[in-house]
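Q: Okay, here's the structure, questions in a sec.
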Amino acid sequence: MSAAASDVSSNAINLRRLIVLRCIALAGQFLAVWIAVTSLHMALPLRPLIGIITALALFNFLTWLRMQRPWPVGEAELFFHLALDVAALTALLYFSGGSTNPFVILYLLPLALTAAALPAGYAWAMVAVSITCYSLLMFYYIPLPHSHGDHDDFGLHVLGMWLGFLLSAALIAWFAVRMSETRRSRDRLLAQMREDELRNERIVALGTLAAGAAHELGTPLSTMAVLAKDMEGDAAAPSSMRANLRVLREQVDRCKSILSSLSASAGASRAEGGRRVPLEVYLAEVVNDWQQMRRGVSVRRHFEGPRPSPEIIAEQTLSQAIVNILNNAADSSPDNVEIKANWNERELVLEISDRGGGLTPETARAAGQPFFTTKAPGQGLGLGLFLAHAALRRFGGTVQMYNREGGGVCTQLMLPLANLRVDGVP
0 MSAAASDVSS NAINLRRLIV LRCIALAGQF LAVWIAVTSL HMALPLRPLI GIITALALFN
60 FLTWLRMQRP WPVGEAELFF HLALDVAALT ALLYFSGGST NPFVILYLLP LALTAAALPA
120 GYAWAMVAVS ITCYSLLMFY YIPLPHSHGD HDDFGLHVLG MWLGFLLSAA LIAWFAVRMS
180 ETRRSRDRLL AQMREDELRN ERIVALGTLA AGAAHELGTP LSTMAVLAKD MEGDAAAPSS
240 MRANLRVLRE QVDRCKSILS SLSASAGASR AEGGRRVPLE VYLAEVVNDW QQMRRGVSVR
300 RHFEGPRPSP EIIAEQTLSQ AIVNILNNAA DSSPDNVEIK ANWNERELVL EISDRGGGLT
360 PETARAAGQP FFTTKAPGQG LGLGLFLAHA ALRRFGGTVQ MYNREGGGVC TQLMLPLANL
420 RVDGVP
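Going by numbering that gives the first Met the number 0, the sequence shown opens with residue 0, and the numbers climb by one from there.
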């Protein structure tokens, strides 16, 4: 969401709040007229007063209907509504004493709302509108009918001023608090957007480096594969050396395969870059392939879920994310790695656990940041967990890490299957 879109959303929220405030004001206006006529026995011009209140109520209802539509709310529209409220207040005051009416203080309400919700230009425009209306009411108005004495008139005026101040203060405070909450929410959203943008820039930079590395590593890996094969075929070589050379050649071939898939999948869509496979089979293949690379690691696996498992698109980036986390667990405790998978029709929960040293508070805060690693220099780049976070976020998933009872770390991956299901392929 851009900053402009966020402003439009804030205007819509403020207009909804203005509808609520207008309902409160309409109820207060009707109550004030009813008390003045029935309790104070004032001979007010009921027809125009009730007509103005009814028209404003109808307009408020139409505004509520308008808010059910997906049309954006701009600053000009919000200002129009506030200016209309000023016009309605001016009309009501015209028929009830003009500037001598104690409720003239209510002019401050739309002025305060405009200053809080809209740019300075609109605020100064509302100042001009309010001053103009107030000034006109000093000369053009229908006077309020007098009570039995001057003392009664003064008492009613003071009471009206108190009620007007009370209503204005309460409504302004309510709107200001809500405005503050909206702005804090928008600030959090913008901060998250900036963080996501920075993370995406890092991922793009890493992708560029990976593409260059894949291109440059192709030739030396091919040379190593040829040499390993020639040495393996040397009859004079000891059998133990030939076995080691065979393992070396297999690992070199696997590196070449990884680089080839990296180059082939760059820029490919889900449907073009993946293959259809049952979820359980996919997980088993990922773990089996990983064990071929880490043969000395002891792994326990537990897969649970309805069978046959949902059919998904086997995503290379997701496989790499799982392998990265498995490598972290194996580096922490090679003799004790456990992977648990639990799925249903909607989501997959994958837990990869180890019995290593666990997470310190500092490590927990920095985990997932690029180039952060607790391994010895030369043993890791600090990118595995960062790339796993990026891959899971791409598919709407999350990664969480927490310490296990008895020592070690559990990394939990929660992944909605909707973005991986075969029936979700575009």
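Cβ atoms here follow ideal geometry from the backbone N, Cα and C, with glycine treated the same way.
Between residue 391 and residue 340, which are expected to be in contact by the criterion C-beta below 8 Å, what is the C-beta distance as a whole number of angstroms?
A: Not confirmed; about 15 Å, so no contact.
Q: Based on the DSSP secondary-structure assignment, which residues constitute the bridge partners of residue 349?
A: For residue 349, which the question treats as bridged, DSSP gives the partners 340 and 412.
Q: So does the segment 282-298 actually touch the segment 323-333, counting three or more Cβ pairs closer than 8 Å?
A: Judged by Cβ distances under 8 Å, the segment 282-298 makes contact with the segment 323-333, as three or more pairs qualify.
Q: Give me the Cα-Cα distance between residue 305 and residue 277, rounded to the nearest whole angstrom.
A: In a straight line, the C-alpha of residue 305 is about 12 Å away from that of residue 277.
Q: Which residue marks the beginning of the beta strand (DSSP E) containing residue 130, and which one marks its end?
A: Not the beta strand (DSSP E): residue 130 falls in the alpha helix (DSSP H), residues 119-136.
Q: Do we get a CB-CB distance below 7 Å when we pair residue 130 with the residues of chain B?
A: Chain labels in this structure do not include chain B; a single protein chain is all it has.
Q: For residue 440, which residues of its own chain have a beta-carbon under 8 Å away from its beta-carbon, when the five flanking residues on both sides are left out?
A: The structure shown does not extend to residue 440, since the chain spans only 0 to 425, so no value can be given for it.
Q: Does the structure place the segment 51-60 close enough to the segment 34-43 that three or more beta carbon pairs sit under 8 Å?
A: No, the segment 34-43 does not touch the segment 51-60.
Q: Using the DSSP secondary-structure output, state which residues sit across from residue 312 in a beta bridge.
A: Paired residues: 275.
Q: When burial is assigned at 16 or more other CB atoms within 10 Å of the CB, is residue 33 buried or exposed?
A: Residue 33 should be labelled exposed.
Q: Quick check on this structure: which residue in 334, 401, 336 and 88 has the alpha carbon closest to the alpha carbon of residue 358?
A: It is 401.
Q: Leaving aside the five residues before and after residue 126 along the sequence, list all residues of the same chain whose C-beta is less than 8 Å from its C-beta, in chain order.
A: 110.
Q: Are there 16 or more other CB atoms within 10 angstroms of the CB of residue 84, so buried, or fewer, so exposed?
A: It is buried - the Cβ of residue 84 has at least 16 other Cβ atoms within 10 Å.
Q: My guess is that residue 419 and residue 311 are in contact by the Cβ rule of under 8 Å, so how many angstroms apart are they, rounded?
A: With a Cβ gap of about 4 Å, residue 419 and residue 311 count as contacting.
Q: Exposed or buried, residue 246, counting other C-beta atoms within 10 Å across all chains shown (16 or more means buried)?
A: Exposed: under 16 other Cβ atoms inside 10 Å.
Q: Is residue 66 helix, strand or coil when you go by DSSP?
A: In the structure shown, residue 66 sits in coil (DSSP, three-state: anything other than H, G, I, E or B).
Q: For residue 353 and residue 185, what's the separation of their Cα atoms in angstroms?
A: Cα to Cα, residue 353 sits roughly 39 Å from residue 185.
Q: Considering only residues of the same chain and omitting the five flanking positions on each side of residue 254, which have a CB-CB separation below 8 Å?
A: Only 216 and 220 meet the Cβ criterion.
Q: For residue 343, tell me which candidate among 292, 315, 405 and 415 has the shortest Cα-Cα distance.
A: Answer by Cα proximity: 415.
Q: Classify residue 281 as buried or exposed, calling it buried when 16 or more other Cβ atoms lie within 10 Å of its own Cβ.
A: Residue 281 should be labelled buried.
Q: When the Cα atoms are used, what is the spatial distance from residue 334 to residue 313?
A: Going from the Cα of residue 334 to the Cα of residue 313 covers about 29 Å.
Q: Alpha carbon to alpha carbon, how far is residue 347 from residue 388?
A: The alpha-carbon atoms of residue 347 and residue 388 are separated by roughly 15 Å.
Q: Looking only at its chain, what residues have a beta carbon closer than 8 Å to the beta carbon of residue 92, apart from the 5 residues adjacent to it on each side?
A: If we look at residue 92 and ignore the five residues flanking it on each side, its Cβ neighbours are 98, 100, 102, 103, 136 and 140.
Q: Using the three-state DSSP reduction, which class does residue 394 fall into: helix, strand or coil?
A: If DSSP states are grouped into helix, strand and coil, residue 394 belongs with coil.
Q: In the DSSP assignment, find the beta strand (DSSP E) that holds residue 80 and state where it starts and stops.
A: Here residue 80 belongs to no beta strand (DSSP E); instead the alpha helix (DSSP H) covers 74-93.
Q: Comparing C-alpha positions only, which one of 229, 68, 317 and 238 sits nearest to residue 11?
A: When each option's Cα is compared against that of residue 11, the closest is 68.
Q: Output needed for residue 251: all residues of its chain with C-beta closer than 7 Å, excluding positions within five of it in sequence on either side, in chain order.
A: Taken in chain order, the residues that qualify are 220, 223, 224 and 227.
Q: Starting from residue 42, trace the alpha helix (DSSP H) both ways and give me its first and last residue.
A: Careful: residue 42 lies outside any alpha helix (DSSP H) and carries neither H nor E.
Q: Under three-state DSSP, which class holds residue 176?
A: Reduced to three states, the DSSP call for residue 176 is helix.
Q: Which partner residues does residue 401 have in the DSSP bridge list?
A: Looking at the DSSP assignment, residue 401 forms a beta bridge with 409.
Q: Starting from residue 388, follow its DSSP beta bridges and name the residues at the other end.
A: Per DSSP, none; premise fails for residue 388.
Q: If you draw a straight line from the alpha carbon of residue 86 to that of residue 118, how long is it in whole angstroms?
A: The straight-line gap from Cα to Cα measures roughly 21 Å.
Q: Could you give the C-beta distance for residue 25 and residue 95, rounded to a whole number, given that I count them as a contact under 8 Å?
A: Between residue 95 and residue 25 the Cβ distance is about 15 Å, and since that is not below 8 Å, they are no contact.
Q: Give every residue of the same chain whose Cβ lies closer than 8 Å to the Cβ of residue 181, excluding the five residues on either side of it in the sequence, and list them in chain order.
A: Excluding positions up to five away in sequence, the list reads 9, 12 and 13.
Q: For a test of the three-state rule: what should DSSP assign to residue 300, helix, strand or coil?
A: Strand, per DSSP.
Q: Measuring only the C-alpha atoms, how far is residue 107 from residue 194?
A: Computed Cα separation, rounded: 40 Å.
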